[in-house]
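Beneath this line is the structure, given in structure tokens, with notes to follow.
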Amino acid sequence: MTALTPPMGWNSWDSYGTAVTEEEVMANARFMAEHLLPFGWDTVVVDIQWYEPTARAGGYNEDPPVELDAFGRQMPAVNRFPSAAGGAGFGPLATAVHDLGLRFGLHIMRGIPRLAVARDLPVKGTDTTAARVADTSSTCTWNPDNYGLDHDVPGAQAYYDAQLEQFAAWGVDLVKADDMLSPYHDREIQAYHRAIERSGRDIVLSLSPGTHLSTAHLDHLRENAEMWRVSDDLWDRWSDVLDQFGRMARWAPFQRPGAWADADMLPLGRIGIRAERGEDRDSRLTLDEQRTLMSLWMMSRSPLMYGGDLPGAGPRRSPCSRCPR
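Using the working numbering, you'd call the opening residue of the sequence shown number 7 and step up by one each time.
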């Protein structure tokens with residue numbers, strides 16, 4: 007079983023949105039290893055659009071020129087992740103993170119890249135292609151990258167199997183799979199879980215976002231994932247924090263090892279450096295509001311993923327530096 011305790015770490019989203027670089031990831035990893043690892047903070051997660059060389063602050067690009075391999079699988083943009091050159095993918099970055107005693111995670115969108123479908127690239131290990139396994143009617147309302155997969159078609163599962171095979175080869179320890187819960191894509195979730203099992207590597211599966219997520223899905227979630235969001239993105243607004251009290255009151259009684267309801271990332275410290283929304287700023291939550299947030303997350307046993315830029319906060323300014331596992 008993975009995630010026996012709620013995962014704790016850092017995620018690039020609140021600070022760098024779609025545009026984080028390898029240098030920034032490693033700066034945060036080094037800070038975590040030096041200052042936070044002794045207290046249980048051990049996971050570094052690269053969030054969305056790591057495969058897009060033109061990613062920018064302030065939103066998503068239409069028809070982005072995403073980096074793909076010959077089988078339609080996303081590859082890190084080399085202009086942002088130079089160690090990925092020559093087809094190395096995230097292997098070198100994951101190794102560097104592991105060498106610090108940390109775990110490496112990444113974000114991925116549900117489904118298959120639209121560019122892979124347009125090019126009709128082959129699905130690894132099959133005689134079918136991306137265009138045949140895609141469900142072009144299944145799209146994300148807020149991100150233009152992917153189509154869903156048609157799991158009634160042979161080869162759809164094989165695409166996820168090949169994707170997770172690659173992630174496992176890179177040394178990925180956590181996958182944040184997005185556009186899974188709103189609406190609730192039960193077959194996509196099951197297929198992703200199956201692909202992780204077939205990869206041969208222990209990988210934590212985190213599902214997102216959790217808009218209006220019902221506890222009616224509890225059994226299915228427990229069977230297929232280790233973490234699942236219970237809300238949309240949470241930002242540095244007291245109203246966002248306040249709304250989590252009711253949500254976590256519903257979910258907290260069901261928390262157990264290997265299956266954690268997630269109240270979302272911690273928008274603390276310096277955030278918005280190149281975010282999808284908002285300007286470069288220190289968290290607008292007051293110190294009392296930040297302490298209240300941390301108290302709720304810990305009382306409800308939510309995963310803890312710090313969203314601020316760790317080097318920019320410094321060890322004394324981080325309100326979570328001494329939260330024990």
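Backbone N, C-alpha and C fix where the C-beta goes; we use that ideal spot for every residue, glycine too.
This one's a predicted model, so the numbers in the text were calculated from it and none came from an experiment.
Any idea which residues DSSP pairs residue 184 with across the strands?
115
Compare the beta carbon distance of residue 242 and residue 277 with 8 angstroms and say whether it is the shorter of the two.
yes
Does residue 11 come out as helix, strand or coil in the three-state DSSP assignment?
coil
Pick out whichever of 41, 224, 204 has its Cα sitting closest to the Cα of residue 262.
224
Verify whether the separation of the beta carbon atoms of residue 30 and residue 87 is less than 8 angstroms.
no
Residues near residue 20 in its chain [Cβ-Cβ closer than 7 angstroms; skip 5 each side]:
271, 273, 277, 281, 313, 314
For the alpha helix (DSSP H) holding residue 154, just list the boundary residues, first then last.
Unbroken run through residue 154 is the beta strand (DSSP E), 152 to 155; no alpha helix (DSSP H).
Which residues mark the beginning and the end of the alpha helix (DSSP H) in which residue 205 is found?
192 to 205
Sort 230, 143, 23, 131 by Cα distance to residue 172 and report the nearest one.
131
Provide the residue span of the alpha helix (DSSP H) that contains residue 248, from first to last.
244 to 257
Shortest alpha-carbon distance to residue 12 belongs to which of 304, 202, 153?
304
Apply the 10 Å Cβ neighbour rule to residue 65 and answer buried if 16 or more other Cβ atoms are within range, or exposed otherwise.
exposed
Confirm, please, whether the CB-CB distance from residue 219 to residue 236 is below 8 angstroms.
yes
Residue 265 and residue 228 - do their beta-carbons sit closer together than 8 angstroms?
yes
Just how far apart, CA to CA, sit residue 325 and residue 22?
Residue confidence for residue 325 is low, a pLDDT of 48 falling below 50, so the modelled location carries little weight; the figure read from the coordinates is stated next. Distance between the alpha carbons of residue 325 and residue 22: 20 angstroms.
Evaluate contact between the stretch 132 to 150 and the stretch 200 to 214, counting only Cβ atoms and requiring at least three cross-stretch pairs below 8 angstroms.
no
For residue 82, the nearest candidate out of 141, 34, 101, 54 (CA to CA):
54
Name, in chain order, the residues that DSSP records as bridge partners for residue 312.
16, 272
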